[in-house]
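Q:
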Amino acid sequence: DEKIARMVATWTYQLLVSLQDEIGALFVRILHQDQVVEAVNRLADRLVAYLCDSSSIQEKVGRLLVDAICLDSSREAAANWAYDLVMRDDVTGGFQDLVVKALQMDDVVQE
Numbered sequence: 001d002e003k004i005a006r007m008v009a010t011w012t013y014q015l016l017v018s019l020q021d022e023i024g025a026l027f028v029r030i031l032h033q034d035q036v037v038e039a040v041n042r043l044a045d046r047l048v049a050y051l052c053d054s055s056s057i058q059e060k061v062g063r064l065l066v067d068a069i070c071l072d073s074s075r076e077a078a079a080n081w082a083y084d085l086v087m088r089d090d091v092t093g094g095f096q097d098l099v100v101k102a103l104q105m106d107d108v109v110q111e
């Protein structure tokens, strides 16, 4: 009995291995069917609604965001972004225009 069970298990395993590409393709085809996609989307919508309604989850996400913002990599990325922003031609041009206009104001010119 045990020998037959092992033989059947080995045969079944070998059969599944030999058909794994076809089985994989079948699963992909099944998962791409409209009713499956719609069911997954409905489930995802329900999950998002639950997560948005949960105050404890919101608190944990808030803490996670604060922790992420405080990471050295986040601060470095923010500093790079700010530098890139300040160095843009339109920003430097706008700042130059602002300084020139400020220096040409009547109060400044009269001094």
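Numbering (my numbering) for the sequence shown: 1 to 111.
Where is the CB? At the ideal position from N, CA and C, for every residue including glycine.
Taking 7 Å as the limit between beta carbons, can you name the residues of its chain near Asp84, skipping five residues before and five after?
A: Here the set comprises nothing.
Q: Within this structure, are the beta carbons of Ser74 and Ala82 separated by less than 8 Å?
A: Cβ atoms of Ser74 and Ala82: not closer than 8 Å.
Q: Just confirm the distance between the C-beta atoms of Ile57 and Leu64, as a whole number of angstroms; I'd bet it's less than 8 Å.
A: Ile57 to Leu64, Cβ: 10 Å. No contact.
Q: If you follow the alpha helix (DSSP H) that Arg46 is part of, which residue opens it and which one closes it?
A: Counting along the chain, the alpha helix (DSSP H) containing Arg46 begins and ends at 34–53.
Q: For Leu77 and Arg88, I'd like the C-alpha separation in whole angstroms.
A: Sequence check: residue 77 is Ala here, not Leu. Each residue's Cα considered, the two are about 17 Å apart.
Q: Check the C-beta distance from Ile30 over to Val36 and give it rounded, since I have them as a contact under 8 Å.
A: Right, their Cβ atoms sit about 6 Å apart.
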